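Comments concern the structure below.
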Amino acid sequence: MDWRDEGIVLSARPHGETSVILELLTRAHGRHLGVVHGGVSRKKAPMLQPGNQVDAAWRARLESHLGTWTVELKRSRSAGILGDPIRLFALSATCALASFALPEREDMAEFQRQTEALCDAISDGKGWLTDYVHWEMALLEVTGFRLDLSACAVSGGANDLAYVSPRTGRAVSRSGAGEWASKLLKLPDMMIGGMPSIEGVVEALAVTGHFLETKLAPSLGNKSLPSARARLVQALSAEV
């Protein structure tokens, strides 16, 4: 059983003395794991850093086996941003959340493309803040917890949307909120097409973070969200 694909390195953890278990988000085979023999070597370890793009060949005797990887580096994203902590935190958070949330061996081609585009934007330093917020929203959607910010859950109107219900993930207008406004999450303009700002990104990540913590994490056995995300939010908050 063997196939070739291209993917993003999500993680590489030690396996025995010289090997690693490499986790990739591939274009056609979803989140997939396998062993890289000699993965801790000076030659191979640098290419297996989270966020890097690799060509990979997977081989196993049976499809149900862990299997082994043979990989070649296509693009190193992590090396170029070592001097920019916030972008490094963002790349780490992207990989860690994908590893945390996505099912194994399920084809998620569209979401993989969005993840790849986000990783490229982070690496290039262009427009990645907005892309990252939209990526977390997409992650919630593909895991079954879509936010509906198109219209007010109370009135059905699309004007003056200002809040998000912490229970349903639906938008609520200022007038529709009424006396319940204090119990709702603030809806940043950038989540519904407004101009992005650092403050707006931090507010948006508070919204997505609420649903990651209260909806997604419980569905996965109440695992804690990856600390990489908290480091990103903390670093962005310090810039406000």
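To get this note's numbering, take the position in the sequence shown, counting from 1, and add 6. The beta-carbon is built from N, C-alpha and C at its ideal position, and this holds for glycine as well. Computed from a predicted model, the values in this text were never measured in an experiment.
(1) On the three-state DSSP scale, how would you describe Ser17?
(2) To the nearest angstrom, how far is it from the Cα of Glu147 to the Cα of Ser84?
(3) Keeping to the same chain, check which residues put their C-beta closer than 7 Å to that of Glu78; ignore five residues upstream and five downstream.
(4) Leaving out five residues before and five after Ala210 in sequence, what residues of the same chain have Cβ atoms less than 7 Å from its Cβ?
(5) Does Ala234 come within less than 9 Å of chain C when only Cβ atoms are used?
(6) Is it a yes or a no for the segment 122-142 touching the segment 95-103, going by three-plus beta-carbon pairs under 8 Å?
(7) Between Leu108 and the rest of its own chain, which residues show a CB-CB distance below 6 Å, the 5 nearest in sequence each way excluded?
(8) Exposed or buried, which one is Lys50 when buried takes at least 16 other CB atoms within 10 Å?
(9) Can you tell which of Gly45, Val207 and Ser188 has its C-alpha closest to the C-alpha of Trp134?
(10) Within the continuous alpha helix (DSSP H) that includes Gln59, where are the two ends?
(11) Pull up the distance between the alpha-carbon of Ala99 and that of Lys221, whole angstroms please.
(12) Considering only the alpha carbon of each residue, which of Glu245, Thr214 and Glu185 lies closest to Arg235?
(13) Can you check whether the CB of Ala96 is closer than 9 Å to the CB of Leu54?
(14) What does DSSP give as the partner residue(s) for Asp126 in the beta ladder?
(15) Could you check the C-alpha separation between Thr76 and His216 for me, to the nearest Å?
(16) Taking the C-alpha atoms as reference points, what is the distance between Leu28 and Ile87?
(17) Let me confirm a value: Arg111 is counted as buried when at least 16 other C-beta atoms fall within 10 Å, else exposed. Which label applies?
(18) Just tell me which of Leu191, Ser82 and Glu69 has its CA closest to the CA of Arg176.
(19) Whole-angstrom Cβ separation of Leu16 and Pro52, contact assumed at under 8 Å?
(20) Where in the segment 191-232 do unbroken runs of the alpha helix (DSSP H), each at least 4 residues long, occur, reported from the N-terminal end onward?
(21) Check each candidate in Leu145, Asp154, Val178 and Arg173 and name the one with the smallest Cα separation from Ser161.
(22) Quick check: the Cα distance between Gly163 and Arg173, rounded to an integer number of angstroms?
(23) Compare the C-alpha of Gly184 against each of Gly13, Ala159 and Thr149 and name the closest.
(24) With C-beta atoms as the reference, is Glu122 less than 9 Å away from Arg33?
Let me lay it out:
(1) strand
(2) 27 Å
(3) Val60 and Asp61
(4) Val139, Pro194, Met196 and Met197
(5) Checking the listed chains, one finds no chain C in this structure; it contains a single protein chain.
(6) yes
(7) Arg37
(8) buried
(9) Val207
(10) Unbroken run through Gln59 is the beta strand (DSSP E), Gln59 to Arg65; no alpha helix (DSSP H).
(11) 18 Å
(12) Thr214
(13) no
(14) BP columns for Asp126 are empty, so no partner.
(15) 39 Å
(16) 22 Å
(17) exposed
(18) Leu191
(19) Contact doesn't hold; Cβ gap of about 16 Å is too wide.
(20) 204-217
(21) Val178
(22) 19 Å
(23) Ala159
(24) yes
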